[in-house]
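**Q**
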Amino acid sequence: MFNFMLASLAVASSLQSLASASVISPRAPRPWSNFNNNVVFTPPTSWVDPRTLYARTLQLSDKSLLITCEIYSPEDPLSLPIFRSTDGGATWKEHSRFRDQVNGWGMAYQPILYSLPERFGGYPAGTILAVGTSLPSNKSHAYIDMYASTDGAKTFTFLSHVAYGPGPETVLNGDKAIWEAFLLMYKGKLIVYYSDQRDPRYGQKLVHTTTTDLRSWSPIVNDVAMDYYDGRPGMTTVAHIPINNNYIMTFENCGAPVENCQVNYIVSNDPTKFFGKPIQPIVSNDTAAMSPYGSPFIIWAPLKAGSKDGILIANGNSDSDVYINDYRALPENWMRVNINQKNGYSRDLRVIKDNRGNLKLLVASGGNFGEADTNALIVGVVDIPQ
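Residues -21 to -1, 1 to 365 (mature numbering (1 follows the signal peptide of the UniProt record, and there is no 0)) are what the sequence shown spells out, left to right.
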């Protein structure tokens, strides 16, 4: 999280439906085709900078796609839109809203959608979990909250408070804020990773908590904490590498003396034991030796359905390329690939199946800080780079 998260949400009495306010690209791509920078939703110019941000996607078993993002509308309490596509991301309609049902504050930051891969916590496989940061408009405190949907994200039921931040919910060191949840199932437990400013020894650190029932949560465990106070590692994402059964975490390394929030990664054979493992920067192996900076995301992409063979795909906010590596994740093997898709703050990556069962890379962005005039919720579908 950077200081631009200090931007305030405006307050007003009502909000028109996002469906009526949205602007769908006049030349929508062909269904189930490859395309770049297809507009899902364009926010009204009256919204607060950055208007939209932080896209997250999910593909359901019927191959439909869901996408959500942060919005900076005048609505109070704030709720977050979920859009749905049934044609591979070519066209979208507003499907539902992700709302705060228990705090009376609104749902404001960092939504994520996760499909349970197995029966868990009394819910069947395929249940959609929605997690986000709920806070009042004055940002005085916050919860990371979890909800469940058994009807394809049309409606949600509150499950639990994952974590509480007594606030204020700002990026100032010393403010006891929490941010940026990420979910992973591992050995009968659901892990929620997040960024944590509550420990007075650190400006921010990365932690995780686990549950076996979706309602009670374990004490937090550190994943990354720098040995100097101003260090602000943030924005955990984790991917499983099935070939060697390792796990890889990416995060941004912010705070003095580090510049530009370089993207770093850690490899571990246990996704609950990243702490103390070697930290490496992502640097491309070409003559430019490029590094992504800020708000990273990483996935494992199989080369074909049902195969363990695949590649790691990562990106950061600083450029539109992706960075790929093989299963070993060796520092010297990162390769930069242009996918012709606009960059974005915490740009989302997901492997999806098209209508013929072929694997594709879905890329989604809600835009960037400082670019409110051009920010929109956009998606692209490309072949998996190799």
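Where a beta carbon is used, it is the ideal one built from N, C-alpha and C, also for glycine.
1) Hey, would you say N239 sits closer than 8 Å to Y272, going by beta carbons?
2) Would I277 and I290 qualify as a contact pair, given that the criterion is a beta-carbon distance under 8 Å?
3) Using a Cβ-based criterion (distance less than 7 Å to any ligand heavy atom), does H187 qualify as near the ligand ZN?
4) CB P56 to CB D79, shorter than 8 Å?
5) For N317, I'd like the list of residues in its chain whose CB is within less than 6 Å of its CB, leaving aside the five on either flank, ordered along the chain.
6) Spell out the partners DSSP gives S113 in its beta bridges.
7) Taking only three categories from DSSP, how would you classify E231?
8) If we require 3 or more residues per run, which beta strand (DSSP E) segments fall completely within the stretch 254 to 309?
9) Along the chain, where does the beta strand (DSSP E) that runs through E73 open and close?
10) Does DSSP put E54 in a helix, in a strand, or in coil?
11) Run through the DSSP bridge pairs and tell me what L92 is partnered with.
12) Alpha carbon to alpha carbon, how far is G323 from I363? Give it in angstroms, no decimals.
13) For the structure I just gave you, are there three or more beta carbon pairs, one from the stretch 85 to 100 and one from the stretch 36 to 46, closer than 8 Å?
14) Which residues share a DSSP beta bridge with S139?
15) Do three or more CB pairs link the stretch 305 to 317 to the stretch 249 to 265 at distances below 8 Å?
16) Suppose the cutoff is 6 Å on Cβ atoms and the five residues either side in sequence are ignored; what does the same chain contact list for L340 look like?
17) Spatial neighbours of A280 within its chain, please: C-beta separation below 6 Å, excluding the five flanking residues on both sides.
18) Are Y173 and V186 close, meaning C-beta to C-beta below 8 Å?
19) Can you round the beta-carbon distance between G167 and T191 to whole angstroms, since I take them to be within the 8 Å contact cut?
20) Along the beta strand (DSSP E) that carries I170, what are the first and last residues, could you check?
**A** Judging by the given coordinates:
1) Yes; because the gap between Cβ atoms is below 8 Å, this pair is in contact.
2) No.
3) Inclusion of the ligand ZN in the displayed structure is not the case, the ligand content being empty and no account of it being possible.
4) yes
5) D300, listed in sequence order.
6) M86, Y122
7) Shown here, E231 sits in a strand according to DSSP, grouped into three states.
8) 276 to 281, 289 to 294, 301 to 304
9) 72 to 77
10) coil
11) A109
12) 19 Å
13) The stretch 85 to 100, when compared against the stretch 36 to 46, does touch it at the 8 Å Cβ threshold.
14) M125
15) yes
16) V361, I363
17) Residues of the same chain with a CB within less than 6 Å of the CB of A280, apart from the 5 flanking positions on each side, are G289, I290, I292, V330, I363 in chain order.
18) yes
19) 7 Å
20) First-last of the beta strand (DSSP E) with I170: 168 to 175.
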